[in-house]
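324 is the number of the first residue of the sequence shown in this note's numbering; add one for each residue after it. Shown next, in structure tokens, is the structure this report addresses.
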Amino acid sequence: MQLHISPSLRHVTLLPGKGLKEFIKVKVSSRKLSYRMLFYALLFFTFLLRFVFVLTAVDSIDGENKCSTIGCLGKKLRPKILGRSLESSVPEVMYGILDQPLGKDELEGRSDIPQTLKEFMTEMKEGGYDAKTFAIKLREMVSLMEQRTRIAKIQEYLYRHIASSSIPKELHCLHLRLANEHASNAAARLQLPPAELVPALVDNSYFHFVLASDNVLAAYVVATSLVRNSLRPQKVVLHIITDKKTYYPMQAWFSLHPLSPAVIEVKALHHFDWFTKGKVPVLEAMEKDQQVRSQFRGGSSSIVANTTEKPKVIAAKLQALSPKYNSVMNHIRIHLPELFPSLDKIVFLDDDIVVQTDLSPLWDIDMDGKVNGAVETCTGQDKFVMSKRLRSYLNFSHPLISKNFDPNECAWAYGMNIFDLEAWRNTNISLTYHYWVEQNIKSDLSLWQLGTLPPGLIAFHGHVHNIDPFWHMLGLGYQENTSLAEAKSAGVIHFNGRAKPWLHIALPQLRSLWTKYIDFSDNIIRSCHIRESS
């Protein structure tokens, strides 16, 4: 502030500071200062002192991180008024307490920790605690809630893992009944297909579908939905591949439940000449993969007992233990050109899909020389399901992955795929697949952890033709928000996820799309207590 008095003492000018155009001008007598001038001066200084006091008080309330007033600016510059610092030590005290780790043992058996926010606020109001005690109590309550939430989440993931990995007793009963039928009933041991239809198995004028499954009921739903919705069922050939233990039940079921006029072939892996000659890379990889998993996973009990890893990491490890991720039924699709050397094009179907339309138009799709016709999973209205890119499946923190692939590249889905086997035979896709599976095993599964899709994304890189999403709707095994109307509008629906339609944890609003293809009045179905509603 500047004070200017004219030489004649007629004017006194008070300037609040440099750069301000407005000023206070007081006119006085020619000989001495008037009372009016003194009154204005005292009034100005009184206003100035009050202004400084308000800024100091508001600045103290603002705290360290909030800047809503002019006083906060002063605090940032660390000024001192009348020898007092404007900085408050309350936030620093609270932050210091909250930053201190709290061990699990410190909360064990404690009954004085508030269980709810309401209890906490009541205790704070009645106790009149200072900021330090407030922070200590808050840290204890939040830590206790965090521990309980973590335990609850891990238990939920464990129960889901058990429910999704177990075989329902009804399906186990079905397989046993069918095995008994195969042994005691000649009608359950028919040649599939009959001798007169065998030439159709290598005739490229037919629509050839391949299904790999060890689940009889699931395979029957796929087959029934495929044939029932076909406009030309007499041109449909379905090749069912299964394992040795499921072959007799599978053959018995389709012998007793024919789907004429479609051609159904049931074949076990050991029936393929290629599979029995020499070493099979997929089986060697599976054996090594199982050894690595059992060694460093330690089983579900040791995974759940881990107290340091996040629940989502534990969930991923539990999911990796699922038998399907080490099933030959999943890996065998990479050898389709060798398994069907006479076929030019096939459509591969997973056993957790349902066909809802005629699939013959798939043979009219121009693949542009690509090998794999698939639905991309990075675009679509359902951002929960259709938001998958390579980073969703591959570990880009590993240099082997990060230097070879783009994390933002769109992923695609297994489940309903058109494979041009003729084009496939001119590539090194199968060799690439096994190379990367081997690399993942050598790195203790650090390139990816789950399933056959990650190595498939790598092996088919540059060989995928995007098809219309109508042909493959995903997520019915985990997306609870999928409506029945949306699912009915798709050509093929896929119950990928834990909530398979044959399990008790299936999503009830969608299960009817699967059960509609089962005859619950069938004697074998009824004897095993397989019901429409789980």
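Think of the CB as a built atom: it goes at the ideal place given N, C-alpha and C, for glycine as much as any other residue.
Look at the beta carbons and you see the segment 533-552 touching the segment 672-691: at least three pairs across the two are nearer than 8 Å.
According to the DSSP secondary-structure assignment, V589 is paired through a beta bridge with I563. A residue is called buried once 16 or more other Cβ atoms fall within 10 Å of its Cβ, and D743 is buried on that count. The DSSP-derived three-state label of R483 is helix.
K711: not part of any alpha helix (DSSP H); DSSP gives it neither H nor E. 9 Å or more divides the Cβ of L797 from the Cβ of V670. In the three-state reduction of the DSSP assignment, C733 falls in the strand class, which pools E and B. By the CB criterion at 9 Å, I741 and I790 fall inside the cutoff.
Of the residues R551, L592 and K765, the one whose Cα lies closest to the Cα of F663 is L592.
In the structure shown, the three-state DSSP call for I841 is coil.
Between D566 and the set K590, N695 and S548, the nearest pair of CA atoms involves K590. Inter-segment contact for the segment 708-723 and the segment 777-794 is present: three or more beta-carbon pairs are separated by less than 8 Å. In the displayed model, V698 falls within coil according to three-state DSSP, outside both helix and strand. Counting C-beta pairs with one atom in each stretch, the segment 546-556 and the segment 570-584 have three or more that are closer than 8 Å, which means they touch. C-alpha of D729 to C-alpha of F843: approximately 49 Å in a straight line. Nearest in C-alpha terms to L554, of all of P584, Y571, N508 and K839, is P584. Put simply, of S489, K455, G774 and L682 the residue whose alpha carbon is nearest the alpha carbon of E415 is K455. Between K693 and A746, the C-beta spacing is below 9 Å. Going by beta carbons, A822 and Q679 fall outside the 9 Å limit. In the structure shown, I669 falls within a strand segment according to DSSP collapsed to helix, strand and coil. The beta carbon of N749 sits closer than 7 Å to none of the beta carbons in its chain outside the five residues before and after it.
Contact between the segment 432-443 and the segment 472-492 is absent: fewer than 3 CB-CB pairs across the two stretches fall below 8 Å. Between R551 and N508, the alpha-carbon positions lie close to 27 Å from each other.
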